[in-house]
Structure formats: structure tokens, C-alpha cells
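K.L.:
Residue numbers (the numbering used here): 12 to 77.
Sharing a structure, written as C-alpha cells. Questions coming.
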Amino acid sequence: MPKMKTKSSCKKRFKVTASGRVVAGQAGKRHGMIKRTNKFLRNARGTTTLSKQDEGIIKPMMPYAR
């Protein structure tokens, strides 16, 4: 059997933790920060874990990241 391929877009955007959760960067900080509240910008720092439903979409695209 040939090797399974990892989706290139997923390996650039997501990382799987040791416990199996998927970590991604926060959304909403590419442009237009002037109109956003300071509270939103503070809370959108760093990374966040995806919901179980979103993990189910991402994990099949990353066969070796488990």
C-alpha cells in the first residue's frame, strides 16, 4: 500500500496535541482591527482548540497526526 497523503492546507494551519485535540490560530485578526473592540482583540490572541465537530472534519485530512 502506498503512503496516505496529508492535506497540505491542514498541515500549515492545524496541529494535533498529545491528548488528540486540534489546535488552530484565532480567526478575525487579518484586517479591519480599527472597528473591532479591544476586548475582542485581546481574546483573539494566540491559539484555540477546535470543537469536536470541527475536529471530525480535520482529522481525516491528517492521517499521521494522531
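We put the beta carbon where it would ideally sit given N, CA and C, even for glycine.
From a predicted model like this one, the values you see are computed outputs, not experimental measurements.
Which of helix, strand or coil does DSSP assign to G36?
P.N.:
Residue state, collapsed to three classes: strand.
K.L.:
With a threshold of 8 angstroms on Cβ separation, who are the neighbours of V33 within its own chain once the five nearest residues in sequence on each side are excluded?
P.N.:
For V33, where only same-chain residues beyond five positions count, the Cβ hits under 8 angstroms are F25, K26, V27, T60, L61, D65, E66, I69, K70.
K.L.:
State the DSSP-derived secondary structure class of K26, mapped to helix, strand or coil.
P.N.:
Note: K26 maps to strand in three-state DSSP.
K.L.:
Which residues bound the alpha helix (DSSP H) around R53?
P.N.:
Taken as a continuous stretch (DSSP letters only), the alpha helix (DSSP H) holding R53 covers 49-54.
K.L.:
Tell me which residue opens and which closes the alpha helix (DSSP H) that K70 is part of.
P.N.:
From DSSP, K70 is part of no alpha helix (DSSP H); its letter is neither H nor E.
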